[in-house]
Each structure stands twice: as C-alpha cells, then as structure tokens.
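One structure is given below, encoded as structure tokens.
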Amino acid sequence: IGKEKFHKPQYWGFCNNVAMLVGEDKPGIGGELLPGQKLKPKYSVFPEGMGSDAPSWVAFDKQVLSFDAYFEEEVPDKNQELYRIRYCKIYFYLEDDTIQVLEPRVKNSGINQGTIVRRHRIPLPPPHEDQFYTIDNFNINIEVIFYARRYKIIDCDQFTKNFLRKMGFRLNPPADRPDDPYTKERQKILDSMNPLRPYECIDTLKQFLEHDGHVLRFFCVWDDPESMFHDPRELVLRYYLADDTIDMKEILPVNSGRDAVPLFLRRDKLPKYAPTGLYQPGTITNRTVLNVIGNLVGNKGRYILDNRKTGAVHQEFYKDSDLKIGAVINVWGRKIILCDCDEYTKEHYRTKYGIEDFTPIPYKAPPPPKPEKKFPPYNGFGSEEDSLCSCMGLLLKPPKKDFKKLMEKDRYGLESNILRFLAKLVTDSPIDKDRKFLICYFLSDDTISVFEYTQRNTGILGGKFLERGRIKKPGQELLKSEPSEYFKAQDLFVGAEVCFHGHNFLLVGADEYTFNYMEKHANEFPMADIGVILKKLKDVAEPRSREIRQVFAAADPEHTKLIEYDPFRNLIVSITDGAFSEHEVITLGHYYGVRDEYKIDLHYLLAVSQEKLKKNNFDNFEQLSAVLTYNDCEKRGMLPYETCRTVCKSFKLPLADEDLQLLLTMFEDDHKQVDYKKFVDGLNWRENQIPAFQTIKVLPK
Numbered sequence: 001i002g003k004e005k006f007h008k009p010q011y012w013g014f015c016n017n018v019a020m021l022v023g024e025d026k027p028g029i030g031g032e033l034l035p036g037q038k039l040k041p042k043y044s045v046f047p048e049g050m051g052s053d054a055p056s057w058v059a060f061d062k063q064v065l066s067f068d069a070y071f072e073e074e075v076p077d078k079n080q081e082l083y084r085i086r087y088c089k090i091y092f093y094l095e096d097d098t099i100q101v102l103e104p105r106v107k108n109s110g111i112n113q114g115t116i117v118r119r120h121r122i123p124l125p126p127p128h129e130d131q132f133y134t135i136d137n138f139n140i141n142i143e144v145i146f147y148a149r150r151y152k153i154i155d156c157d158q159f160t161k162n163f164l165r166k167m168g169f170r171l172n173p174p175a176d177r178p179d180d181p182y183t184k185e186r187q188k189i190l191d192s193m194n195p196l197r198p199y200e201c202i203d204t205l206k207q208f209l210e211h212d213g214h215v216l217r218f219f220c221v222w223d224d225p226e227s228m229f230h231d232p233r234e235l236v237l238r239y240y241l242a243d244d245t246i247d248m249k250e251i252l253p254v255n256s257g258r259d260a261v262p263l264f265l266r267r268d269k270l271p272k273y274a275p276t277g278l279y280q281p282g283t284i285t286n287r288t289v290l291n292v293i294g295n296l297v298g299n300k301g302r303y304i305l306d307n308r309k310t311g312a313v314h315q316e317f318y319k320d321s322d323l324k325i326g327a328v329i330n331v332w333g334r335k336i337i338l339c340d341c342d343e344y345t346k347e348h349y350r351t352k353y354g355i356e357d358f359t360p361i362p363y364k365a366p367p368p369p370k371p372e373k374k375f376p377p378y379n380g381f382g383s384e385e386d387s388l389c390s391c392m393g394l395l396l397k398p399p400k401k402d403f404k405k406l407m408e409k410d411r412y413g414l415e416s417n418i419l420r421f422l423a424k425l426v427t428d429s430p431i432d433k434d435r436k437f438l439i440c441y442f443l444s445d446d447t448i449s450v451f452e453y454t455q456r457n458t459g460i461l462g463g464k465f466l467e468r469g470r471i472k473k474p475g476q477e478l479l480k481s482e483p484s485e486y487f488k489a490q491d492l493f494v495g496a497e498v499c500f501h502g503h504n505f506l507l508v509g510a511d512e513y514t515f516n517y518m519e520k521h522a523n524e525f526p527m528a529d530i531g532v533i534l535k536k537l538k539d540v541a542e543p544r545s546r547e548i549r550q551v552f553a554a555a556d557p558e559h560t561k562l563i564e565y566d567p568f569r570n571l572i573v574s575i576t577d578g579a580f581s582e583h584e585v586i587t588l589g590h591y592y593g594v595r596d597e598y599k600i601d602l603h604y605l606l607a608v609s610q611e612k613l614k615k616n617n618f619d620n621f622e623q624l625s626a627v628l629t630y631n632d633c634e635k636r637g638m639l640p641y642e643t644c645r646t647v648c649k650s651f652k653l654p655l656a657d658e659d660l661q662l663l664l665t666m667f668e669d670d671h672k673q674v675d676y677k678k679f680v681d682g683l684n685w686r687e688n689q690i691p692a693f694q695t696i697k698v699l700p701k
C-alpha cells in the first residue's frame, strides 16, 4: 500500500498587482483564521497601556533584562574534577528580543571566558525550533536551553524584577548558587600553603592617587660659612606629597657670578642623618634576607626573607610634619632655614595640622633706596620728550605714545572724540574783537588745532590759524629739568580763558556733541557734573529762596511752569555773583530744559529720500527686501531697529545717518520693531514714487 502524500495548503496573494505565493500564516478573508490555522507570535507581546504608543525598538531602547545563571560542564579528561560549575549572565534585550550570554572572567581560570553566545535571537529547543525565545520564556528558578546547553536561572537584578511584575509575571523565589567543587578544593589548598619566599607588599598607589600634583613650597636661606663673601643664598624647597620626596632650586640674583644649574638638590627622599655619619651603600634596603645555612654545604647558601626585620637598619626621612617656618633642616650637612611658604602650603598645614601662625622670618636685607634720577635741563633741540629719551639709555629710542588711549579715543563711527569750541580773541583791538575761531581738542592724543572762520569784508583770511599739536601752558620756564605741563581736556570749557602761544582766547560756545560728551563723562569734567553743580548751587541759593521764587513767578505770568533760558541764566548769574562759569549754567539748562516736540511729515521725508536714491541710481530694493526677510526668522514682518539699520548700512544707502534713523523711527511700533516691508516700499521710487506736489508744505502765517 503506497503512502499518501499530504500537501500543506498553499495561499496566493497579490504584491504590486502581481500574483505570488505567500506564507501559510496569512489569515483568510477579514483577517479570520482558516480552519486548523494557528498564528505564532514572532516577538514578545506587551500589554496595552504600558508605555507609549511608540514601537518596541523605540519604547524599550537601551532597556535590558539581566539574569544570573550557571551551567554544568563535564570534564572527562581529569581525575580531579568530574564537572565544573560556570557562572554567567543572560541579557535579554527588550527592543528586538535578542539574547546574549556572557561569562565573567576569572583570574587564572585557564578557560576561555567572555562571550559564550553572541547577541541574536535564539530559537526554542526542538520540537519548537521554528519559534524564538520571548519574554514569556524567562523567570527565576527555571531552566532554559540554548543550543543544547541547559542554563539554570537563579536570580535577576531589581530592574528585571520590577519589569516582570509590571508585565504580570509571578516571580519564583531565587535559587541558591552552587559552589564549584574543584575551585573550592583549590582554594583550600592555596590557603594551607605558605610561599617559600614570602612577598612583602609595599603599596604606595593610594598616596600617589590622592596627592599627585600636590606640592608644598618653602622659601629657604642657606648661610654658607665657607663662602668668600659670607652672603646668604636663597633657595626654594619643594616637598612632593605624592611620594614624600624633596628637591631644591637656588634663586640666583642678577650678576651674582655663580653658575646657573637646574637644581640645587635632585628630587629624592631627604634623610635625617645620625651623629655617627653616613651609612655605607647597601646597608639600607627595602627588605632584609637571612642566611639560614651559610656556605658550609657545597658553598651554597639558603636565604629566606626576614619577616621580623631583625637586621634592618631604620633610617628616618623628612616628612611634611617636620617642615615648618623657622625650622632648620639638614640637607646633606648644610643647615637650611625655612623662612616662608606659599598660600597652598599654609592651607595644607592649616587643614591637616591646625597651624595658624605663619609669620615669615625676614632673611633679605632691605633694599637700598633708589637714588633719585636727575635729568639735565632741556636744551631747546627737538621736543622735551625726545630729549628726555636720550637720557634714559645709550640706545636712542623715540618716545612711546599712549597706544591704548589712541585706540579708545580715536574716531569710530559717529563718535568723533573731538571737542569743538567757539572762541574769540581777548583783545582791545576793534579789528580783532569780531574774529571767530574754532578750537578742536583731539582726545586721542591731547592735541589742539585752531581754525578761523572766514568773514567777508574784514580783510583777514580765514582757515588754519594754529597747526595741530600739543600746547604748553603759559608761564613755564623753557629750559628746565621737569617736564612741562600741557593743556588737557579739563582746561577747556565754555567761559574759560586760554592762552595759546601768546594769543588769549575766550571760549564762548561749543557744539552739541561736546556738551553731551562732557555730561556723559562727568567724572572727568567737573564743569559738566550736574551733581557737583547742584550741590554748589544749593549752598548759594538756600538763603535767597524767596527771591528766586519771585523771579520765577514774574517770568512765568501764565503759570506754565516754564521759563526762557535767558531769564534763567541771568538769575543764576545774579545769585551766584559770578561763581558759576558759563559752562555750568549751560549744563543746568540742559538738565532742566524741555525740548519742543515736533512732527515730521512722513511723505515729505520719503520724497526727499527717494530723490536722493534716484540721483545716486540706487534701485536694489528687491535684494534689500530679501535680506531683511532672511533676517526675520519668525516671519512676522517686523525686525528690531538695530538689525534694519545694520542691513541698510551694508547696502550703502546714499542717505545721511540722521535721515536713515528718522525714517526707521517713523516705521517703528511701540515695541521698537520696524515694519521693514512698508519701509522698503516707501523708499522704492520706481514702483511707489511720491509726486512732487506732495512735498510742498505751506507754513501758517
């Protein structure tokens, strides 16, 4: 009778509109299982609601279950042991159900240890070899079979226990860990044996790890009696806490005549010598050996280690406890006195030994007073600074300039760092009385230049009146040893009289930048310090407060609480009796002044700006808008004021800086944000040209 062949049912499906054979695990219509069909789970199934909705390789990334296990290995070729117990770790990776088996390495085991089973999915033992191990196959006190080797799981770590409990597993109690009989027997033999040559361990690793890089430093002095001039020699002692060694270095003064050597004492332990003197080489060793037989038998001796150290010679070395300020140490027969130490050394002794007194011992003679340098008087050739440099050394060098001040006070952007004053000549000549001068003070190098305004029909040519340079104050001797005094920025203020090379000038005004700079740096200019001025005014005005109120009431009949500058100035001058300079009065006016608010017509400003752009052939508005849009990361159509100004400067818009600032201010909101789209559209003279008639403004009569 022939055997019948039974074929498994085949299932067909479509993939990319192509009919092909699919596996037998594919369910039927509607996902229902076919008769006699069972779906086998491929991976571990976790209950719903545990963790997030992310896939397992994301939710359980870097999460591993760790089990302690062991297996028995037969040893057929040795009589001392029949089997061997080998301990291992089983790791189950939750992200992909892979398993790894590792055996911890044991010293001198003679077995290849480490990875027993590399990480991969392990199939179940027959007859279920078509399935793989999942989380459901693991628990405590059970056995698992990996490739015909039986592992007994005895325990797991705390994370694994918590995870399995959350999964709903009922954990078995941990099993006992059996001992390896051969290893236990070997340990008994090792414990009962004594080595023929006992080894004495001298461990200094702990001290090295704790104090590596920690060095105590003392400043010492050695009074060498054999020296020709009996001069003390300065030394620096360094004590290394890592190994209790000491080295010393000599500090050689300039032109001492001694040879410079790297070290005065090489780094080593420094012994405390006994009165008997030095020990012979080989007397002091780390270990001592005893000859128990001698050379009687065959001229051969038998030696063992002297555990009791009966023949050892003990030598004391200097420790950190022996070093302190005022102590005298013996450095190979030289008496060295410790005079001082650094801050780290003081903190070490303060913390470890509780020492608080670190009074240094003076060992240096006080330096002789430096003789006062007397320079010859100025001879009239060149500048005073240049002549003075020729007295400083044999090699002539030009005088040094204050480069830092030059870089800080040089022109930068809108900051010119130049103080400009309007001046007149102090003279009785009717021709020179009406001459006007511009005095410029350069803060970068303290130089002054004077220009004269050109006035028609005066018969005097304007232009450069005085070349830029430093100007000496009048009344000084020409040929003298002391350096001359020059005019400083503090000497120039409105109302001051200055004399430049015999010409007396009265400063009658200054520009707005000068007033703002002096008020901003009020600590350098007392004439612009509002705090000093108010304190000075308070002392003068308190007795005349009633008179001041009457003057204010007469000057303000409409009670607007405002007064013109001229009556205010006349009042301050009258109550101070000339004690206030004109600059101080102007500073008071600036501080209490009220500026008139005025509105600028936006259409007029845009028309003027478009005319300037058109004359300079600037029409790169698309790229300007693109750069502004690129800087707008939030795409709100708004940018900070400084960002818009920086972008416009990079495109070199042919507009004055004041006009550009005013234009950006006109398109600002309450949060200092500029609507850059409207700003660019307003400047675009090609698409949004403003007609000329809109720029004509009729002033009210």
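Sequential numbering of the sequence shown, starting at 1, is according to full-length UniProt numbering.
For glycine and all other residues, C-beta sits at the position ideal for the given N, C-alpha and C.
With contact defined as three or more Cβ pairs closer than 8 Å, the segment 66-74 and the segment 143-160 are in contact. Looking at 96, 225, 77 and 104, the one whose alpha-carbon comes closest to that of residue 89 is 104. Under the DSSP assignment, residue 116 falls in the beta strand (DSSP E) whose first and last residues are 114-120. Close CB contacts of residue 384 within its chain, under the 7 Å cut and outside five residues either way in sequence, are with 378, 483 and 484 (chain order). Residue state for residue 638 is assigned as strand, using DSSP reduced to three classes. In chain order, 437, 439, 465 and 466 place their CB closer than 6 Å to the CB of residue 450, counting only its own chain and leaving out the 5 sequence neighbours on each side.
The shortest CA-to-CA distance from residue 287 to any of 305, 170 and 220 is the one to 305. The Cβ-Cβ distance between residue 60 and residue 94 falls below 9 Å. Taking the CA atoms as reference points, residue 492 sits about 11 Å from residue 505. Looking at the backbone, the Cα of residue 349 and that of residue 355 are separated by about 6 Å.
Straight-line spacing of the CA atoms in residue 221 and residue 337 works out to 6 Å. Within the segment 562-650, the beta strand (DSSP E) runs of at least 3 residues that lie entirely inside it are, in chain order, 638-640. Residue 521 sits in coil when the DSSP states are folded into three classes, being neither helix nor strand. For residue 331 and residue 270, the gap between their C-alpha atoms comes out near 7 Å. Counting C-beta atoms within 10 angstroms of its own C-beta, residue 353 has fewer than 16 neighbours from the protein chains shown and is therefore classed as exposed.
Ranking 619, 554 and 171 by CA distance to the CA of residue 136 puts 171 first. Residue 686 is not bridged by DSSP to any residue.
Here the alpha carbons of residue 164 and residue 80 stand approximately 41 Å from one another. Straight across, the Cα-Cα distance linking residue 617 with residue 486 is about 50 Å. In this structure, DSSP gives residue 407 a helical state, which the three-state scheme calls helix. When the Cα atoms are used, residue 455 and residue 435 turn out to be separated by approximately 8 Å. In this chain, the beta strand (DSSP E) harbouring residue 330 covers 328-331.
With a contact defined as Cβ atoms closer than 8 Å, residue 613 and residue 685 qualify at about 6 Å. About 6 Å separates the Cβ atoms of residue 442 and residue 418, confirming a contact at the 8 Å cut-off. Put simply, the backbone Cα of residue 458 is about 29 Å away from that of residue 582. Distances from the alpha-carbon of residue 680 to those of 672, 639 and 670 put 639 closest. Burial state of residue 409 is buried, judged by a 10 Å Cβ sphere holding 16 or more other Cβ atoms.
With respect to residue 507, residue 610 sits apart: the two C-beta atoms are not nearer than 9 Å. Under the three-state reduction of DSSP output, residue 68 falls in the strand class. For residue 341, the secondary structure class from DSSP, reduced to helix, strand or coil, is strand. For residue 248, the enclosing beta strand (DSSP E) has its first and last residue at 245-251. Looking at the DSSP output, residue 463 shares a beta bridge with 452.
Looking at the backbone, the Cα of residue 655 and that of residue 448 are separated by about 32 Å. The straight-line gap separating the alpha-carbon atoms of residue 626 and residue 676 is approximately 11 Å.
Apart from sequence neighbours up to five positions away, the residues of its chain that approach residue 150 with a beta-carbon distance below 7 Å are 71 and 143, ordered along the chain. In the displayed model, residue 211 falls within a helix according to three-state DSSP.
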